[in-house]
Amino acid sequence: MSASPLLACSPGGSVKFIASPETMSLNALLQNESFQQLRAKADHLARLADDFPGYNGILSNPIADGELDGVLRLSGNIVNSLDKIVLLRNQLQNAEHQAISQALEPARHVRMKRVPKKTGLHACHKCDRTDTPKWRAGPHGPRSLCNVCGLLNAKREKRHMSRCPPRPIDT
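The working numbering applies: residue 626 is where the sequence shown begins, and numbers increase by one.
What follows is the structure in structure tokens.
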């Protein structure tokens, strides 16, 4: 954000541009506008307070209801301007945090990738195949046969078991 204000308020409350608005974001422009309105309303409130009877310590006439209503409205406008500035600042911070987290997200994704298993270290005991979607148990233990050989072996064992049921052991 530049040091010189881009917006100026006249005592009547109108706002005019001093510099080109392309140098600031919309959020920054809105914050700057709210600050300028806040300053103008605070100055107007200070002038009203100076004009109140009894401001200098001497209360000559009571303050009129209309004057108090005007001060109350100005005070409410000042609070609204401050709320708007806080809201805009929070939106900007949230957008910055979101941009940072999105920038870091691909880096986290890369770090969290799994290292693929090295299947070349072991081969099927029947056909010597090294790559298979699933390793199956065989006569040499778990993960000793490739998917095809494991399925064929299981089918063979099933057929063998149906032909030759196990005999009870006599003791």
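Just so you know, even glycine gets a beta-carbon here, dropped at the ideal spot from N, CA and C.
Sequence-distant residues of its chain with Cβ nearer than 7 Å to residue 696 (five each side left out): The residues are 670 and 673.
Inter-stretch contact (C-beta, 8 Å, three-pair minimum) for the stretch 652–667 and the stretch 692–711: yes
Beta-carbon separation (whole angstroms), residue 659 vs residue 710, contact threshold 8 Å: 5 Å
Residue nearest to residue 746 in terms of C-alpha spacing, selected from 791, 778, 769 and 706: 769
One or two residues paired with residue 761 in a DSSP bridge: Here residue 761 is bridged, per DSSP, to 770.
Inter-stretch contact at 8 Å, needing at least 3 Cβ pairs: the stretch 748–760 / the stretch 769–787: yes
Outcome for residue 642 when other beta-carbon atoms lying within 10 angstroms are tallied against a minimum of 16: For residue 642, the pLDDT reaches just 47, beneath the cut-off of 50, and the residue's location in the model is therefore unreliable, leaving the point undetermined.
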